[in-house]
Each structure stands twice: as structure tokens, then as C-alpha cells.
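Visitor:
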């Protein structure tokens, strides 16, 4: 089964840096006649390497790279360890362009590229959502016959996942396993996320189950990815099951998890389930986001529960959370179904007074509500703005 990894919480370069510092000086291309003693780094160089590494951990990439430039101008000659420390700082700051530039410049100066440098460059590209550049570095490693590590695979796969290149993500995950490396929870999370992006809810659930068998327990990222896959596949039963399972496992659920579960319940038959999940989210102290509001109102609208749709619309205003066009449209359509044309026009007027600019969908919903109640006179003011937005002579078309 194919795996791969989500955004790494700790960068690959940061985790591998400790090993590199202990070997500093070991990756410079040796000059003819150079002795082992000459290759050994000085105590000052080790001190500066540690200083740059600490700046990187504090996410002070500007100070770290400035110190590196100062050292290069002085009498100290940079080695792989200090270069990798600076790359790690740039990676943590998501400065992918500078990271790639430093890796290239150091190679021109005689410093060989190593696994730590490549991992840092790829991870920096991942944080900058630059999947193409990450794959270029990964391909260059292959050309040098360098063996990517699990961290490198995960960083490259994550860059593709964040760039919505899900099939490339799954491909890299598959290569990781074929190379003999063992997948971890990061790999599993990204694989599930990629399946969700491809709307493959069955493989997503299978990967989640396989991860549990290997004791790669799901985290919040994995759970959200699986829920998103169920939402896109409209598998509300599985979405509810995943939520219950996460609660039993004492996994912290966030707004994204509940929003995906509520969205999976947007069907005429499951509007009550959508309301129950929405209420549970608020009871947990989570503030519903726009997708959650849109989903629960849409579920009520689909079921013809216009009273609930109107109540939720009013509650949204009381929460001082600005409604979206989707929410307003769902409330207006629900009012139309309930022959509540006045309520539909009131929502439209509220949208006009607010910061929203009503679109064709909202005006059409208002016309539909008036038409259902045979309120032609009340519908007249809606024709001109609708015609302008649709760029069509609607009056003549509908005569």
C-alpha cells in the first residue's frame, strides 16, 4: 500500500544536523596532499557552527545567514556542517530560494552536497509550497546516486501534497517503501491526505487501518485528512465513526475535523445528524468556521427545514461572524421552499447592507421565492441587478 508524508513538524535538516556537526569538515572535497589534521575543524569553527544552529532553532534565519557571510569574509573557511546549519535555519524560515542558492553556491566553492543539505533544501521548498523545486533537488540526488532517507522522501512527498499534486505524493510514498525504508506516522498522514485530495475515500480508510496495525496511530492531521476524504465521498456514516473513534482515542479534534463531518451530512436525510455534530462542535468550545456554517445551513435547506435555516442564519449574525454568499444563498433557498418570500428578500437586503456583494445566485434565489408565492410585483426590483450580473436580457428571455 502506498504511503507518504504530511508537513513535517520538525524539519529534516534539524533532525540530521546533530550528526553532521560531529563530522564537520568531512564533506569538503579533499585537496591533493591534504592531511587528516588539516581537515579537522577548529574549535572556533565548531563554536560558530553551534551558534548558527541555535539561531536556526530560534527561527532567526537572517542572523544565521549574516553570521555565515561574516565568517566567509574572515579567515575561517566554512565547511559542510556550518553550511548545513545555515541551510537548516533557512528551512525553518521557509526561505526556499535562499536555501537553494546557498546549496548551489557552496557546491561551487568545493563543498560537496550531502543528505543533510539536500533534505534541508527539499524541506524549505515544502514549507514554501514549491513542489516543482523540491522534485528537482530530489532528482539531482538520484543523479548523484545518493540514497534518500525517510526524512527526504517525506519532505518531497509533503511538498507535492501541499501543492495538491496528490498522485506524485502517493508515488513518492510508494518509492519509499520499495526502497526498503519503513513508513512512519508522517508518511501515513500524507498518504491519507493525498487520498482525500484524489477523492479516494476507500483507500484513505484502508491506509488509516493499515497504519493502526503497524502502530502508527492517527494524529490530528491524519484524522482530518480521512474525514475530508469521507466528506468528498459523501460518506457521512464513516465520518461520524471516525469522530467517535478519535474521541475514544483521546485525540484532539479541531474545527476542520468537525467541519468535514458536518459537510459529509449535507443530504436531505441527515440534516439532524448535521445539526447534532454542529452543536457538539460548539459544546467543545470550538468556533465554527465558514465551511461549517455553510454545511449545516445547506443540510437544513436540502431537507426543506426552512425554520432551522433561518434560525441558524440569525444565530450567525448574533455571533458577529460575517456570513458568506453560500450561507445566504442556502437560507434564501430554504425560505423559498417554505414559501417565505419575505424572509428570502430580508436575507438579500441584509447581504446588500453588509460587506457582501450579492451575486446571480442570490438574486435568482430571491426571484424563485417570489415566484413560488406569485409575488411578481415584489420581484420586479430584482430583475435589473440580476440581468446586469448575468450579462443577459433576462426579462426578454423569460417572457
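Residue numbers (my numbering): 1398 to 1796.
Glycine included, C-beta positions come from ideal geometry on N, C-alpha and C.
(1) Please name the residue, chosen from 1476, 1453, 1595, that lies closest to residue 1442 on a Cα-to-Cα basis.
(2) Measuring CB to CB, does residue 1555 end up less than 7 Å from residue 1589?
(3) Leaving out the 5 sequence neighbours to the left and right, which residues in its chain are closer than 6 Å to residue 1600 when beta-carbon positions are compared?
(4) Which runs of the alpha helix (DSSP H), 4 residues or longer, sit entirely within the region 1528-1583?
(5) Going by beta-carbon coordinates alone, are residue 1534 and residue 1515 separated by less than 7 Å?
(6) Taking just the CA atoms, how far does residue 1667 sit from residue 1771?
(7) On the three-state DSSP scale, how would you describe residue 1669?
(8) How long is the line joining the alpha carbons of residue 1604 and residue 1558, rounded to whole angstroms?
(9) State yes or no: is the C-beta of residue 1636 within less than 7 Å of the C-beta of residue 1658?
(10) Please state whether DSSP places residue 1439 in a helix, a strand or coil.
(11) From residue 1462 to residue 1647, what does the alpha carbon distance come to, in whole angstroms?
(12) For residue 1716, count neighbouring Cβ atoms within 10 angstroms of its own Cβ and tell me buried if that reaches 16, exposed if not.
(13) To the nearest angstrom, report how far apart residue 1539 and residue 1494 are at their CA atoms.
(14) Give the single residue among 1704, 1645, 1649, 1650 whose Cα lies nearest to the Cα of residue 1672.
(15) Can you list, in chain order, the residues of its chain with a C-beta nearer than 8 Å to that of residue 1609? Leave out the 5 residues immediately preceding and following it.
(16) Identify the continuous alpha helix (DSSP H) that holds residue 1526 and give its terminal residues.
(17) Using 10 angstroms around the beta-carbon of residue 1641, count the other beta-carbons present and answer buried if the total reaches 16, otherwise exposed.
(18) Should residue 1542 go down as buried or exposed, given a rule of 16 or more other Cβ atoms within 10 Å for buried?
(19) Got a sec? Which residues, its chain only, sit under 7 Å from residue 1653 by beta carbon, not counting five neighbours each side?
(20) Under DSSP, the alpha helix (DSSP H) around residue 1686 begins and ends at which residues?
(21) Quick check: the Cα distance between residue 1643 and residue 1742, rounded to an integer number of angstroms?
(22) Output needed for residue 1625: all residues of its chain with C-beta closer than 7 Å, excluding positions within five of it in sequence on either side, in chain order.
(23) With the cut-off set at 7 Å, would you say residue 1664 and residue 1694 are in Cβ contact?
(24) By a C-beta neighbour count over all protein chains shown, 10 Å radius and 16 as the cutoff for buried, is residue 1545 buried or exposed?
(25) Where residue 1460 and residue 1496 are concerned, what is the direct C-alpha to C-alpha distance, given to the nearest angstrom?
Guide: Reading off the structure:
(1) What you label residue 1442 is simply residue 45 of the chain shown in a count that begins at 1. Ranking the options by Cα distance to residue 1442, first place goes to 1476.
(2) For the purposes of this step, residue 1555 is identified with residue 158 of the chain shown, where counting begins at 1. For the purposes of this step, residue 1589 is identified with residue 192 of the chain shown, where counting begins at 1. Not a contact, by the Cβ cut-off of 7 Å.
(3) In the chain shown, counting from the first residue as 1, residue 1600 sits at position 203. Only 1592 meet the Cβ criterion.
(4) 1528-1540, 1547-1559, 1563-1575
(5) The residue given as residue 1534 occupies position 137 in the chain shown. The residue given as residue 1515 occupies position 118 in the chain shown. With contacts defined as CB atoms closer than 7 Å, residue 1534 and residue 1515 qualify as a contacting pair.
(6) If you number the chain shown from 1, residue 1771 lands on position 374. If you number the chain shown from 1, residue 1667 lands on position 270. With a pLDDT of 46 at residue 1771, under the threshold of 50, the predicted position of this residue should be treated as unreliable, though the coordinate-derived value follows. Cα to Cα, the separation comes out at about 31 Å.
(7) Mapped onto the chain shown, residue 1669 falls at position 272. Of the three classes helix, strand and coil, the one that applies to residue 1669 here is helix, per DSSP.
(8) Within the chain shown, the letter at position 207 stands for residue 1604. Within the chain shown, the letter at position 161 stands for residue 1558. Roughly 16 Å separates the two Cα atoms.
(9) Counting from 1 along the chain shown, the entry for residue 1636 is found at position 239. Counting from 1 along the chain shown, the entry for residue 1658 is found at position 261. In contact: residue 1636 and residue 1658 (Cβ atoms closer than 7 Å).
(10) Within the chain shown, residue 1439 is the residue found at index 42, counting from 1. In the structure shown, residue 1439 sits in coil (DSSP, three-state: anything other than H, G, I, E or B).
(11) In the chain shown, the residue the question calls residue 1462 occupies position 65. In the chain shown, the residue the question calls residue 1647 occupies position 250. Going from the Cα of residue 1462 to the Cα of residue 1647 covers about 42 Å.
(12) Mapped onto the chain shown, residue 1716 falls at position 319. Exposed, because fewer than 16 other Cβ atoms sit within 10 Å of the Cβ of residue 1716.
(13) Within the chain shown, residue 1539 is the residue found at index 142, counting from 1. Within the chain shown, residue 1494 is the residue found at index 97, counting from 1. Going from the Cα of residue 1539 to the Cα of residue 1494 covers about 21 Å.
(14) Taking the chain shown and counting its residues from 1, the one referred to as residue 1672 is at position 275. The residue with the shortest Cα to Cα distance from residue 1672 is 1704.
(15) On the chain shown, residue 1609 is found 212 positions in, with the first residue counted as 1. These residues qualify, in order along the chain: 1615.
(16) By one-based count along the chain shown, residue 1526 stands at place 129. It is not in any alpha helix (DSSP H) - residue 1526 carries neither H nor E in the DSSP assignment.
(17) Residue 1641 sits at position 244 when you count from the first residue of the chain shown. It is exposed - the Cβ of residue 1641 has fewer than 16 other Cβ atoms within 10 Å.
(18) To locate residue 1542, count along the chain shown from 1; it is residue 145. Looking at its Cβ environment, which holds fewer than 16 other Cβ atoms inside 10 Å, residue 1542 is exposed.
(19) Taking the chain shown and counting its residues from 1, the one referred to as residue 1653 is at position 256. Once the five neighbours on either side are set aside, the close Cβ partners of residue 1653 are 1621.
(20) Along the chain shown, one-based indexing puts residue 1686 at 289. Taken as a continuous stretch (DSSP letters only), residue 1686 belongs to no alpha helix (DSSP H), as it is neither H nor E.
(21) Here residue 1643 is taken as the residue at index 246 of the chain shown, counted from 1. Here residue 1742 is taken as the residue at index 345 of the chain shown, counted from 1. Cα to Cα, the separation comes out at about 42 Å.
(22) Here residue 1625 refers to the residue found at position 228 of the chain shown. For residue 1625, where only same-chain residues beyond five positions count, the Cβ hits under 7 Å are 1593, 1657.
(23) As a position in the chain shown, residue 1664 is number 267, starting the count at 1. As a position in the chain shown, residue 1694 is number 297, starting the count at 1. In this structure, residue 1664 sits away from residue 1694, with a CB-CB distance that is not shorter than 7 Å.
(24) As a working mapping, residue 1545 is identified with position 148 in the chain shown. Buried, because 16 or more other Cβ atoms sit within 10 Å of the Cβ of residue 1545.
(25) Here residue 1460 is taken as the residue at index 63 of the chain shown, counted from 1. Here residue 1496 is taken as the residue at index 99 of the chain shown, counted from 1. Taking the straight line joining both Cα atoms gives about 14 Å.
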